[in-house]
Structures are given as structure tokens and as C-alpha cells.
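One structure is given here, and the rest of the page talks about it.
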Amino acid sequence: MTQNIEFNEEELFETVVEEGLMQGVVDEAAYFDLVDEIIEDLRREAELNDDQNLEGHAEHLKARFREYQQRQAD
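Structure (C-alpha cells):
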């Protein structure tokens with residue numbers, strides 16, 4: 006039996022920022038791909054499930070690209 010972990014979107018954004026910085030993601034298209042990749046990886050690992058509005062979370066995270074850029078500059 007797999008168990009879904011609880012998460013919040015801020016923690017997920019922090020994961021995206023950390024991974025993006027490690028991978029050198031600088032443009033919007035690559036950032037969007039990274040968001041999709043991280044959410045899909047978590048879904049595949051059964052840490053997220055389809056009941057958790059994954060598309061909505063992905064859209065919210067993608068809307069934070071400018072914030073991601075600011076974090077890169079820091």
C-alpha cells in the first residue's frame with residue numbers, strides 16, 4: 006500500500022527552486038518543464054495523487070516564474 010505525503014505548495018516551490026538552481030534553469034520554458042517533471046516524479050513515486058489537483062498546483066507554480074528568477078538573482 007502506498008501512502009501519499011501531505012505537502013504544501015510553498016514546499017513544492019522550494020523544491021522547484023532548489024532543483025532549478027542545480028540544473029541551471031534560466032528560461033521560462035525550461036522552468037515550466039521542470040515544474041511538470043517534478044510533479045510527475047512525485048506522482049509516479051506515489052507521493053502525490055490525482056486527487057490533489059496536480060494541474061492546479063502546476064499552474065500556480067508556473068505562475069511563480071518571476072519569483073523564481075528573483076530567487077536566482079539572490
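Sequential numbering of the sequence shown, starting at 6, is according to the numbering used here. Glycine residues also receive a C-beta, built at the ideal position from the N, C-alpha and C atoms.
Starting from residue i, follow the alpha helix (DSSP H) in both directions and report where the run begins and ends.
i   : result
E42 : 33-49
In the structure shown, what three-state DSSP assignment does residue i receive?
i   : result
V21 : helix
R69 : coil
N9  : Note that N9 scores 42 on pLDDT, short of 50, meaning its location in the model is unreliable; the coordinates nonetheless yield the value given after this. N9: coil per DSSP, three-state reduction.
G61 : helix
E14 : helix
Using a beta-carbon distance below 9 angstroms, is residue i in contact with chain C?
i   : result
R69 : Note that chain C does not occur in the displayed structure, where there is just one protein chain.
Give me the Cβ distance between residue i and residue j, rounded to the nearest whole Å; I'm assuming they're in contact under 8 angstroms.
i   : j   : result
L66 : V31 : That belief does not hold up - the Cβ atoms of L66 and V31 are roughly 17 angstroms apart, past 8 angstroms.
L5  : Q74 : Residue 5 lies beyond the residue range present for the chain, which begins at 6 and ends at 79; the question has no answer from this structure.
E24 : L39 : 6 angstroms
Starting from the Cα of residue i, find the closest Cα among the options and give me that residue.
i   : options            : result
E14 : E33, I43, M27, D38 : I43
E60 : E72, E50, D41      : D41
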